[in-house]
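>
Residue numbers (the working numbering): 3 to 258.
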């Protein structure tokens, strides 16, 4: 059963929607430039409010910064293993991330797991909170169908927790965590979020979590099985990943 999203005032929700759209277009903007961009759109907002909403929405600027997002001081941080590594095959590297998804009267968080070589979305999950359980649920399902050589994440508390990394260690997967700059570390997931937002979320008005879940399920089936990528020589992620033959119908192996 889907829990209710966090209550948000209509004014705050409208500002969050505007912030999400600016951030999706310019993920390298920090709070100061996001504040300026919002002010240019007519919003009266200070930097402190932008920073608070960024924390609430689980977003941060892509690129070098003096401080990383929400690390837990008691969690182990693993080294980054992918510097100068050529991505040459499926299941070489998987990665995951979390993004904000707007609803008509609130918002939810979306977590997805992506194979770097094929861009195939292995699994995904929604949650009304940033509690780590929804991340572990998606990871367990993805690992039930295969395993990567390396799993890369940022240093968010959901991914550094022992409960999350224990699943990877049990599957004998090497764990890699982003360094100070995420611009190259997680570029494939950042591109996925842009596609999800521009091709699905911004075109819809989800009334509640069940509708968002149903529509995102349809979108990810399309993304995996029906959307050719130029970088993949105009093949779909499913064709490259080997999940289905080239002409198979959409909607088979994606979570939720």
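Quick reminder that beta carbons are idealized off the backbone N, C-alpha and C, glycines included. Bear in mind that the values here come from a model prediction, so they are computed numbers and not experimental data.
Less than 8 Å between the beta carbons of residue 128 and residue 211, yes or no?
The answer is yes: Cβ separation under 8 Å.
> Please check the pair residue 93 and residue 125, which I expect to be a contact at CB under 8 Å, by giving their CB distance rounded to whole angstroms.
Not really, about 14 Å apart at Cβ, beyond 8 Å.
> Counting only the same chain and skipping the five closest in sequence on each side, list residues whose C-beta sits under 7 Å from that of residue 243.
These residues qualify, in order along the chain: 92, 117, 120 and 122.
> Does the Cβ-Cβ distance between residue 104 and residue 24 come in under 8 Å?
Their beta carbons are not under 8 Å apart, which means residue 104 does not touch residue 24 by this criterion.
> Closest by CA to residue 193, which one among 205, 30, 149 and 208?
Of the candidates 205, 30, 149 and 208, the one whose C-alpha sits nearest the C-alpha of residue 193 is 30.
> Given that a residue counts as buried once 16 or more other Cβ atoms are within 10 Å of its Cβ, and exposed if not, what is residue 110?
Counting Cβ neighbours within 10 Å, residue 110 comes out buried, since at least 16 surround it.
> Cβ of residue 205 within 7 Å of any heavy atom in the ligand HEM?
As far as ligands go, the structure on display features none, and thus does not contain the ligand HEM.
> Report the partner residues of residue 1 according to the DSSP bridge assignment.
Residue 1 cannot be examined here, being either before or after the span of the chain that is shown, 3 to 258.
> Buried or exposed for residue 191, going by 16 or more other Cβ atoms inside 10 Å?
So residue 191 counts as buried.
> Quick one, are the C-beta atoms of residue 95 and residue 152 less than 8 Å apart?
Taking 8 Å as the Cβ cut-off, residue 95 and residue 152 qualify as a contacting pair.
> Just grab the DSSP bridge partners of residue 231 for me.
Answer is 237.
> Rounding to the nearest angstrom, what Cα-Cα distance links residue 222 and residue 195 in this structure?
Rounded to whole angstroms, residue 222 to residue 195 spans 11 Å at the Cα level.
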